[in-house]
Amino acid sequence: MSRLFPRTTLWSRRLRAALAVLATAVAMCGVVLAATTTSSSAATCNGYVGLTFDDGPTGSTSALLNVLRSNGVRATMFNVGQNVQNNRSAAQAQVSAGMWVANHSWNHAHMTSMSQSQMQSDLSQTSSAIQSATGVRPVLFRPPYGETNSTLQSVASSLGMRQVIWDVDSQDWNGASVSQIVANASRLQAGQVILMHDGIQNTRDAIPQIVANLTSRNLCPGMISPSTGRAVAPDGTTPPTDGGTTPPPGGGSCTATATTTNVWGDRYNTSVTVSGANTWTVVVALTSPQRVSSYWNGTATWDSSGTVMTMRSNGSGNTFGFTTMTNGNSNARPQIRSCTSG
């Protein structure tokens, strides 16, 4: 027994020493793992995109916020005023989760059929409801269905909001599958905005894959600038890695052909088909006092005169259209000034 005790003591000491070495190794390994994890999770952002969700808040807003937060994503929520009024806590949860809240009209009506005063009342009521629920006054507005005109844009501007349509349509509202939503989102380029919706399961399921695709292309979700309507860094700055915002591709040419499709006593429809490019910008000139009252399948802006319209592709195909009010000049028709790709 006298011999066994020293050996047992020696074995015990060796065991403690070995465990100490192992503990040190594990600790060091933990440090290395932590450094590696931090390094791999810090994405390089060569540009930013705007992820937007319309029509909330809904009964599924909490589920959407959980997915966004678990993927480290901030997004812009274009809320319907009536929904905010009926679900104030969900609207507040959006802000608490780090999302940006914006105006999507009071009850998702076709606003281009409203008078100017009706537009003013609708948007003002919506902004007030959002501010009351969240403490945030919206600086962005998206018209329902993407339908807009110069009057609606002017009203939004008078209320301190910039109109934002979208560059890419996820088609989630149209029953798109998860894979289709992911494929549509993969077209996003720096500065662009995608349309998605609150309350759709396929959209929530697509988010992890959308984020993974963006990361693989060094693109990061950001905020939408109220001054430009384009996606920038979450703090409102432009990407520093390439010296500023990535300029839109362009310089190429395309062909735009206009056809008058319907004529009524006070207005008419024009359909424009673009060939030679899938991403394009078309400049259309009207003859005063004619004015565009609504448009579809594109994103439009106007010059100060209200007679020169610049239409950009938004992922809805290569044919866009618009309705023109004649305002007493029934003979004139729009003229295509230019078509450029990119």
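Per mature numbering (1 follows the signal peptide of the UniProt record, and there is no 0), the sequence shown runs over residues -34 to -1, 1 to 308. Beta carbons: idealized from backbone N, C-alpha and C, even for Gly.
**Request:** Can you check DSSP and say which residues form a bridge with GLN301?
**Result:** ALA251
**Message:** Please classify ASP88 as buried or exposed, where buried requires at least 16 other C-beta atoms within 10 Å of its C-beta.
**Reply:** buried
**Request:** Could you have a look at TRP66 and say whether DSSP puts it in helix, strand or coil?
**Result:** strand
**Asked** For TRP262, which of helix, strand or coil comes out of DSSP?
**Response** strand
**Message:** On the criterion of 16 or more Cβ atoms from any shown chain inside 10 Å, does GLY157 qualify as buried, or is it exposed?
**Reply:** buried
**Request:** Measure the alpha-carbon distance for SER116 versus LEU154 and round it to whole angstroms.
**Result:** 27 angstroms
**Message:** Nearest by alpha-carbon distance to LEU10: which of THR289, ASP171, ARG183 and ASN179 is it?
**Reply:** The identity of residue 10 in the sequence shown is Thr, whereas the question assumes Leu. Comparing Cα positions, the closest option is ARG183.
**Request:** Have a look at the DSSP bridge pairing and note the partners of GLY287.
**Result:** SER237 and TRP262
**Request:** Go ahead and label ASP138 buried or exposed: buried means 16 or more other beta carbons lie within 10 angstroms of its beta carbon, across all protein chains shown.
**Result:** buried
**Prompt:** Which value, in whole angstroms, describes the spacing of the CA atoms of ASP135 and SER145?
**Reply:** 14 angstroms
**Message:** On the CB-based measure, 16 or more other CB atoms within 10 Å of its CB, does PRO23 come out buried or exposed?
**Reply:** buried
**Message:** According to DSSP, is SER307 part of a helix, a strand, or is it coil?
**Reply:** strand
**Request:** Enumerate in chain order the residues of its own chain whose CB-to-CB distance from HIS163 is below 7 angstroms, with the five nearest sequence positions on each side excluded.
**Result:** PHE19, ASP20, ASP21, ASP138, TRP139 and THR169
**Rounded C-alpha distance that separates THR285 from MET277** = 11 angstroms
**Item:** Sequence-distant residues of its chain with Cβ nearer than 6 angstroms to ALA(-1) (five each side left out)
**Value:** Because the pLDDT of ALA(-1) is 31, which lies under 50, any placement of that residue in the model is unreliable, and the question is left without a value.
**Message:** So for ASN45, helix, strand or coil by DSSP?
**Reply:** strand
**Residues that DSSP places opposite VAL274 in a beta bridge** = ALA251
**Asked** How many whole angstroms separate the CB atoms of TYR16 and GLY188, which I take to be in contact at a CB cut-off of 8 angstroms?
**Response** The sequence shown places Gly at residue 16, rather than the Tyr named in the question. At roughly 7 angstroms, the Cβ-Cβ gap stays under 8 angstroms, so GLY16 and GLY188 are in contact.
**Prompt:** If we count the other Cβ atoms within 10 Å of its Cβ and call it buried at 16 or more, is HIS70 buried or exposed?
**Reply:** buried
**Message:** According to DSSP, MET162 sits in a beta bridge with which residue or residues?
**Reply:** PHE19
**Request:** Keeping to the same chain, check which residues put their C-beta closer than 8 angstroms to that of GLY202; ignore five residues upstream and five downstream.
**Result:** MET189 and SER191
**Message:** Just to check my reading of the structure: VAL238 and GLY287 have Cβ atoms closer than 8 angstroms, yes? What is that Cβ distance to the nearest angstrom?
**Reply:** 7 angstroms
**Asked** So what does DSSP say about PRO200, is it helix, strand or coil?
**Response** coil
**Request:** Please state if the CB of SER152 and the CB of ILE173 are separated by a distance shorter than 9 angstroms.
**Result:** no
**Prompt:** From LEU185 to VAL258, what distance separates their C-alpha atoms?
**Reply:** 35 angstroms
**Request:** Would you identify the three-state DSSP class for THR225, choosing helix, strand or coil?
**Result:** strand
**Asked** Between THR290, GLY101 and GLU113, which lies nearest to GLY230 when the distance is taken from Cα to Cα?
**Response** Position check: residue 230 holds Trp in this sequence, whereas Gly was assumed. That would be THR290, whose Cα lies nearest to the Cα of TRP230.
**Integer-rounded CB distance, given that ALA68 should sit under 8 angstroms from MET43** = 7 angstroms
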